[in-house]
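Okay, so here's the structure we're looking at.
Numbering (my numbering), first residue to last: 47 to 260.
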């Protein structure tokens with residue numbers, strides 16, 4: 047089974063991480079810029095399961111979807127939050143949402159073999175047991191970020207096969223951010239691999255979150 051993970055950037059100005067797994071082997075992991083390039087890659091694997099770190103169906107103009115409300119009820123006590131999801135925040139000047147445009151460009155069907163995923167939740171449930179603070183944030187210096195990314199890379203290296211690891215201590219600036227995007231994309235794909243063989247919870251029929259095996 048093929049699994050594709052996409053860490054989708056909010057605009058074409060930024061790179062998105064894209065990964066391809068065949069079972070537990072990482073075959074591809076790169077950053078891609080345009081929505082068309084991402085869709086073309088996915089279209090080469092019409093039978094793949096696809097996990098995207100982005101809201102794929104948004105009907106509410108303001109506030110949050112019921113998906114986020116239910117997720118926060120389960121995970122706020124674990125200090126894991128989510129950004130607000132609504133059309134006012136996400137629509138472009140044409141009234142379109144980038145992630146919804148991608149859904150229309152690929153053969154996978156939402157809720158069947160196309161799902162929203164959330165790397166932080168997968169890492170918490172599958173690996174770390176708590177939030178892994180590898181994202182850039184006030185108060186976190188670059189060495190701290192590199193240490194956390196190294197922890198994430200080791201989790202993936204111990205779980206998956208393939209040539210995707212680098213010496214994170216040598217990365218700087220954009221190269222560090224791009225590697226973070228690639229690791230996130232691998233986690234996106236791994237989420238669906240995990241859910242294929244282990245318990246998971248699904249929110250709104252489209253957002254899959256692994257559940258820890260005790």
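Cβ atoms here follow ideal geometry from the backbone N, Cα and C, with glycine treated the same way.
Here the structure is a predicted model, which means the values were calculated and not measured.
Item, Value
"How about the region 205-224 and the region 163-170: do they share at least three Cβ pairs that are nearer than 8 Å?", "no"
"Which residue wins for smallest C-alpha separation from residue 163, given the options 151, 84 and 101?", "101"
"Please name the residue in 97, 80 and 260 whose C-alpha comes closest to that of residue 173.", "260"
"Helix, strand or coil, according to DSSP, for residue 257 in the structure here?", "coil"
"CA-CA distance, residue 219 and residue 197?", "19 Å"
"Check residue 162 in the structure and name its three-state DSSP category.", "strand"
"Between which residues of its own chain and residue 195 is the CB-CB distance below 8 Å, once the five residues before and five after are set aside?", "180, 214, 222, 225, 226 and 229"
"Starting from residue 237, follow the alpha helix (DSSP H) in both directions and report where the run begins and ends.", "219-243"
"At 4 residues or longer, what runs of the alpha helix (DSSP H) sit wholly inside the region 143-204?", "144-151 and 165-169"
"Take residue 247 as the anchor and find which of 193, 134, 113 and 152 has the nearest alpha-carbon.", "113"
"Exposed or buried, residue 129, counting other C-beta atoms within 10 Å across all chains shown (16 or more means buried)?", "exposed"
"Where does residue 36 sit, in a helix, a strand or coil, going by DSSP?", "As shown, the chain starts at 47 and ends at 260. That puts residue 36 outside it, with no answer to give."
"Within this structure, are the beta carbons of residue 161 and residue 67 separated by less than 8 Å?", "no"
"List the endpoints of the continuous alpha helix (DSSP H) containing residue 121.", "112-121"
"Looking at the secondary structure, which residues open and close the beta strand (DSSP E) in which residue 87 lies?", "Taken as a continuous stretch (DSSP letters only), residue 87 belongs to no beta strand (DSSP E), being part of the alpha helix (DSSP H) at 81-89."
"Which residues in the same chain have their Cβ closer than 6 Å to the Cβ of residue 240, if we skip the five residues on either side of it in sequence?", "172 and 256"
"Expressed to the nearest angstrom, what Euclidean distance is found between the alpha-carbon atoms of residue 204 and residue 103?", "34 Å"
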